[in-house]
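Mind the numbering: the sequence shown is residues 612 to 742 in my numbering, read in order.
A quick write-up on the structure given underneath.
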Amino acid sequence: MIEQGLLTFVSASAVGISVEGKVYYHRVPSDIKLPWIRFSAAGGPETKITQMGKIEADVDFLFVVDDDQQFRGRAIVEDLKALLQNYRGNLPPERDALITCSAIKDIDGPNGVFSYVLPVRVRYDYYDTYA
612 MIEQGLLTFV SASAVGISVE GKVYYHRVPS DIKLPWIRFS AAGGPETKIT
662 QMGKIEADVD FLFVVDDDQQ FRGRAIVEDL KALLQNYRGN LPPERDALIT
712 CSAIKDIDGP NGVFSYVLPV RVRYDYYDTY A
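Encoded structure:
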């Protein structure tokens with residue numbers, strides 16, 4: 612699943628290290644201290660067959676950086692965007708992934724938390740062994 616590849620890639624990066632490995636898919640444990648990065652699928656996968664057995668998939672994700680320090684949170688999401696924007700490579704188990712990012716959005720979270728949302732689209736290819 613592409614989600615596992617993204618989780619591993621971001622967690623192992625300098626951005627993941629800057630949040631002490633606190634990168635989560637969908638849900639953040641309740642006892643974790645800020646800052647953290649969470650992401651979830653926002654749409655897809657949209658798929659199309661491009662060659663015999665080769666399928667191209669597009670999946671949209673929303674990455675959210677939550678922090679109680681406004682400028683640190685903004686810096687983390689900017690670093691995350693720099694890491695992901697135009698990334699081309701493997702996100703195991705998927706191969707040949709291409710990531711594009713949209714504009715960062717600022718959202719006021721609850722209890723003085725600053726949230727920064729980064730919409731991301733991942734396009735990757737895989738082969739249908741039944742085609």
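Virtual Cβ for every residue (Gly too), placed ideally from N, Cα, C.
Small disclaimer: the values here were computed from a predicted structure and weren't measured.
If residue i and residue j are in contact, beta carbons under 8 angstroms, what's the gap, nearest whole angstrom?
i, j, result
"D707", "D736", "5 angstroms"
"P646", "D678", "4 angstroms"
Take the Cβ of residue i as the centre, count every other Cβ of all protein chains shown within 10 Å, and call the residue buried at 16 or more, exposed below.
i, result
"G723", "exposed"
"A742", "Annotation note: pLDDT 48 at A742 (below 50); position unreliable, coordinate value reported separately. Looking at its Cβ environment, which holds fewer than 16 other Cβ atoms inside 10 Å, A742 is exposed."
"F682", "exposed"
"G684", "buried"
"G616", "buried"
"E705", "buried"
Just curious, the beta strand (DSSP E) that residue i is in, first and last residue?
i, result
"V688", "Where V688 is concerned, there is no enclosing beta strand (DSSP E), although the alpha helix (DSSP H) it sits in stretches over 681-695."
"V731", "725-738"
"N631", "Here residue 631 is Glu; the residue named in the question, Asn, does not match the sequence. Taken as a continuous stretch (DSSP letters only), E631 belongs to no beta strand (DSSP E), as it is neither H nor E."
"R706", "705-712"
What number of angstroms, rounded off, separates the C-alpha of residue i from the C-alpha of residue j?
i, j, result
"G664", "T658", "12 angstroms"
"F725", "Y738", "41 angstroms"
"I715", "L618", "19 angstroms"
"G654", "P730", "11 angstroms"
"F672", "K644", "23 angstroms"
"S629", "V676", "12 angstroms"
"T661", "G700", "19 angstroms"
"C712", "F674", "10 angstroms"
"V688", "F650", "12 angstroms"
"Y727", "I666", "32 angstroms"
"E747", "P640", "Absent from the structure is residue 747, since the part of the chain shown begins at 612 and ends at 742."
"P656", "V670", "5 angstroms"
"N697", "V621", "14 angstroms"
Name the two residues that bound the continuous alpha helix (DSSP H) containing residue i.
i, result
"S622", "613-623"
### Task
Just list the beta strand (DSSP E) runs in the region 645-675, keeping only unbroken ones of 3 residues or longer that don't cross its boundaries, in chain order.
647-662
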